[in-house]
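In the working numbering, the protein residues as written are 5 to 139.
Yeah, the Cβ is synthetic: ideal placement off N, Cα and C, and Gly gets one too.
Everything numeric in this text was worked out from a predicted model, so none of it was measured.
Notes follow the structure.
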Amino acid sequence: MRARRGLVAVGVVAVLAVAVVTVVAPVLRDRSQHRLEQRADRAVTATAQRTRSQLLADPAAGQAALRRVADGIDGVEVLAVESGAAGVRLVFQVRVAKTATSLFGWQRATAAGCFAQVVGPGPGPAAMERVSCPT
């Protein structure tokens, strides 16, 4: 009789363990994926800021030179270059892919963002704006 109670207790514990793992595993996987996506979004912003600083390093550069500077940065694609009264306006897209290991194998997240930067002829405020990406 005692052995039977022990087996029943072990069975109940096993069923509860399987139920907990079944419920908790997807939550942990989703949380891990969400954190990876956040890291990818932060990397997009950091790459855009790095691109901005390199573009503003030589405000007297022409369209072709500014395009080369932006194209030379990993993950950056220049979408448009326009000259105007305020200076040269570049619209560029930043794409980042992140991978990481987790309890559930490899996870991957990609993020992209488009930005516009006006590079004026002289020193002065030059805010970068986030714009919608073309489809």
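Best match in the options for proximity to residue i [C-alpha to C-alpha]
i, options, result
"Val95", "Ala84, Ala104 and Lys102", "Ala84"
"Gly109", "Pro129, Ser87, Ala7 and Gln37", "Gln37"
"Ser87", "Arg71, Val80, Gln97 and Glu81", "Arg71"
"Thr139", "Glu133, Pro63, Cys118 and Pro129", "Cys118"
Cα-Cα separation, residue i to residue j
i, j, result
"Gln58", "Arg35", "35 Å"
"Gln4", "Ala89", "Residue 4 lies beyond the range of the chain shown here (5 to 139); nothing can be said about it."
"Thr55", "Pro127", "17 Å"
"Ala7", "Val14", "11 Å"
"Val12", "Arg112", "42 Å"
"Gln42", "Arg93", "28 Å"
"Ile134", "Leu107", "Note that residue 134 corresponds to Arg in the displayed sequence, not to Ile. Those two C-alpha atoms are separated by around 35 Å."
Short Cβ contact (8 Å threshold) for residue i with residue j
i, j, result
"Gly76", "Pro125", "no"
"Val123", "Leu40", "no"
Cβ-Cβ separation, residue j to residue i (assumed contact under 8 Å), whole Å
i, j, result
"Ala44", "Thr105", "With 8 Å as the limit, Ala44 and Thr105 do not qualify as a contact, their Cβ atoms being about 15 Å apart."
"Ala74", "Val82", "5 Å"
- Task: May I ask you to verify whether the segment 47 to 54 touches the segment 96 to 105, counting CB pairs closer than 8 Å and requiring at least 3?
- Result: yes
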